[in-house]
Amino acid sequence: QGITGGQNVDASVDDNGHIHWPVLVVYDEFDQSDFVQDVHEGTTVEEIMQMIFDPSQPPPDWDVERRYKVESVRVYYATHQCKELATGKKKVKSDEDFIGSLLAGADRKDAAD
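This is the structure:
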């Protein structure tokens, strides 16, 4: 079952046309990871980190000194999404195409057509 526990790891598009991504957070230093199966496209990286490193919760076993905090972690992003996501009549281009269109100044509606 691996890191994802056998859960579906594909990105998807909901009925409102919003993309939901799986997110894997890797802590190389400790050979540990966290897997968040469904992250809405509007969620910021900071919000994900706040959920994972919630100061009101006990720290992970591997971080007893609480070295990992939202304000002190460095985040690097990588993706290998390369297929089109489809829902009903609407197709959403791969993240590379979508991000490229954003950088080129296209809005989301234009990028999905």
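Residue numbers for the sequence shown follow our numbering, so the first one is 2 and each next one is one higher.
Cβ atoms here follow ideal geometry from the backbone N, Cα and C, with glycine treated the same way.
All of these numbers come straight from a predicted model, not from anything done at the bench.
Under the three-state reduction of DSSP output, Q51 falls in the helix class. When C-beta atoms of the region 68 to 75 are compared with those of the region 37 to 45, fewer than three pairs fall below 8 Å, so the two segments do not count as touching.
Taking all protein chains shown into account, A12 has 16 or more neighbouring C-beta atoms within 10 Å of its C-beta and is therefore buried. In this structure, the alpha-carbon of V65 lies about 26 Å from that of Y78.
Short of 7 Å from the beta carbon of N17, and not among the five residues preceding or following it, lies no beta carbon of its own chain.
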